[in-house]
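A.B. asks:
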């Protein structure tokens, strides 16, 4: 569909949805971002909605600056998925046992492991450099020094909110019914703790005193505050990637225990809350994707819907107008509080019919009706990605 342009900003704010359909709070945030002197441009994804500081579903390119609140507190949050050799015919009619086995193997919600994961004991985990990775914990902000044991025990755990683990079936095409495994998680508590500390530092810097929104406070290149943030940011993004790798390996082993004949393709993994150093039009920028994936030409990515509507595996088209980005999911159309006021557990059961998942009051705020229509979101970004596979979940584990 191409993009529209949001009026009234200094830097271009390009929008891959109807600008008049953006909620007023989110539109105000986008205009605030577009006025910042360091911003080269903003790309707004079709799943855009109001967030803290910066909207969720926004891609912000800054010159020599970065806003920690525009990354968010779940640094490195993202998706991993792997296609299996199994088909729907291999699965039992009753999937409750498979869901229970996944929940027993991977802690969810606020739970953590009793002791840290030993990567040498996780079959199929091909992540190296663990000793160096944990040694670098000592270089992080000294205010999180006491959290190392907790960070180690939370590695390979799901978390709560919109994080999930799913068993999905491919829809249509030559691979109709092929089983995929998918999960969504981030940097757990340690990412949140690091983010909040740096956001607090940024707010107090003199050059941020006159911003339209103090939550948009930035660090400037060449300052010790920027150096400290980038150090902790890169570590937290790596933690999130390793967290997903551990969980995906454990998940594959759970499935292998039940289906010894299973084989796995190469996994797909992508962040959707992170910062990257990139260049557009000869200008070097720090690109913040808060609720957006990188969709460079040929890049494989994952765009989930809600817990009852399915997901998409996509290949990026490398559209520079969007800073080579695409949406990270369907995006919420109502807050968690509003969803709880609007829907009941009966509604949840109806909207997740056919999915083996929790259907209790604790996850009503994740009901599909609280999210935008994923098919509409995909239609609005046809110039950003092409669909490789359409998946529909049959098991969904929530935190």
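Residue numbers (my numbering): 31 to 429.
Just so it is clear, CB atoms sit at the ideal spot from N, CA and C, and this is done for glycine as well.
Just to confirm my understanding: we take residue 291, look at its own chain, exclude 5 residues before and 5 after, and list those with CB closer than 6 Å. What are they?
C.D. replies: If you number the chain shown from 1, residue 291 lands on position 261. Result list for residue 291: empty, nothing under 6 Å.
A.B. asks: Among residues of its own chain, excluding the 5 on either side of residue 153, which ones have a beta-carbon nearer than 6 Å to its beta-carbon?
C.D. replies: Translated into positions along the chain shown, residue 153 becomes position 123. The residues are 283.
A.B. asks: Considering only C-alpha positions, which residue in the set 419, 368 and 423 is nearest to residue 381?
C.D. replies: If you number the chain shown from 1, residue 381 lands on position 351. The shortest Cα separation from residue 381 among 419, 368 and 423 belongs to 423.
A.B. asks: Taking just the CA atoms, how far does residue 333 sit from residue 399?
C.D. replies: As a first step, residue 399 must be located in the chain shown, where it is residue number 369. As a first step, residue 333 must be located in the chain shown, where it is residue number 303. Taking C-alpha positions only, residue 399 is separated from residue 333 by approximately 17 Å.
A.B. asks: Assess, as a yes-or-no matter, whether the stretch 39-49 is touched by the stretch 405-420 under the definition of 3 or more beta carbon pairs within less than 8 Å.
C.D. replies: yes
A.B. asks: What residues in its chain sit with their C-beta under 8 Å from that of residue 327, if we drop five residues either side in the sequence?
C.D. replies: By 1-based counting over the chain shown, the position of residue 327 is 297. Excluding sequence neighbours, residue 327 sits near 346, 347, 348 and 354.
A.B. asks: Following the continuous beta strand (DSSP E) through residue 201, name the residue where it begins and the one where it ends.
C.D. replies: The count along the chain shown starts at 1 and reaches residue 201 at position 171. Residues 194-201.
A.B. asks: Out of curiosity, what's the CA-to-CA distance linking residue 360 and residue 306?
C.D. replies: Here residue 360 refers to the residue found at position 330 when the chain shown is read from its first residue. Here residue 306 refers to the residue found at position 276 when the chain shown is read from its first residue. Answer to the nearest angstrom: the Cα atoms are 23 Å apart.
A.B. asks: Is the Cβ-Cβ distance between residue 211 and residue 155 less than 9 Å?
C.D. replies: If you number the chain shown from 1, residue 211 lands on position 181. If you number the chain shown from 1, residue 155 lands on position 125. Contact: no.
A.B. asks: Less than 8 Å between C-beta atoms, sequence neighbours within five positions excluded: which residues of the same chain meet that for residue 280?
C.D. replies: As a working note, residue 280 is residue 250 in the chain shown. Only 135, 136, 152 and 186 meet the Cβ criterion.
A.B. asks: Should residue 140 go down as buried or exposed, given a rule of 16 or more other Cβ atoms within 10 Å for buried?
C.D. replies: What you label residue 140 is simply residue 110 of the chain shown in a count that begins at 1. Label assigned to residue 140: exposed.
A.B. asks: How about residue 270 and residue 216: do their beta carbons lie closer than 9 Å?
C.D. replies: Your numbering for residue 270 matches position 240 in the chain shown. Your numbering for residue 216 matches position 186 in the chain shown. Cβ atoms of residue 270 and residue 216: closer than 9 Å.
A.B. asks: What is the DSSP secondary structure of residue 329, counted as helix, strand or coil?
C.D. replies: By one-based count along the chain shown, residue 329 stands at place 299. Here residue 329 sits in coil by DSSP.
A.B. asks: Ends of the alpha helix (DSSP H) at residue 254?
C.D. replies: As a position in the chain shown, residue 254 is number 224, starting the count at 1. Here the alpha helix (DSSP H) through residue 254 covers 254-288.
A.B. asks: By alpha-carbon positions, which one of 166, 214 and 240 ends up nearest to residue 189?
C.D. replies: Residue 189 sits at position 159 when you count from the first residue of the chain shown. Selected option, being the one with the closest Cα: 214.
A.B. asks: Which whole-angstrom value is the C-beta distance of residue 99 and residue 229, which I expect to be below 8 Å?
C.D. replies: Along the chain shown, read from residue 1 onward, the residue named residue 99 stands at position 69. Along the chain shown, read from residue 1 onward, the residue named residue 229 stands at position 199. Sure, about 5 Å apart at Cβ, within 8 Å.
A.B. asks: Consult DSSP for residue 420 and reduce its assignment to one of helix, strand or coil.
C.D. replies: For the purposes of this step, residue 420 is identified with residue 390 of the chain shown, where counting begins at 1. Reduced to three states, the DSSP call for residue 420 is strand.
A.B. asks: By a C-beta neighbour count over all protein chains shown, 10 Å radius and 16 as the cutoff for buried, is residue 179 buried or exposed?
C.D. replies: Stepping through the chain shown from its first residue, residue 179 is reached at position 149. So residue 179 counts as exposed.
A.B. asks: Return the first residue and the last residue of the beta strand (DSSP E) that residue 389 is part of.
C.D. replies: Your numbering for residue 389 matches position 359 in the chain shown. Careful: residue 389 lies outside any beta strand (DSSP E) and carries neither H nor E.
A.B. asks: So, with DSSP's three-state summary, where would you put residue 178?
C.D. replies: The residue you call residue 178 lines up with position 148 of the chain shown. If DSSP states are grouped into helix, strand and coil, residue 178 belongs with the helices.
A.B. asks: Compare the C-alpha of residue 300 against each of 321, 308, 310 and 65 and name the closest.
C.D. replies: Counted from its first residue, the chain shown places residue 300 at position 270. For the residues 321, 308, 310 and 65, the minimum Cα distance to residue 300 belongs to 321.
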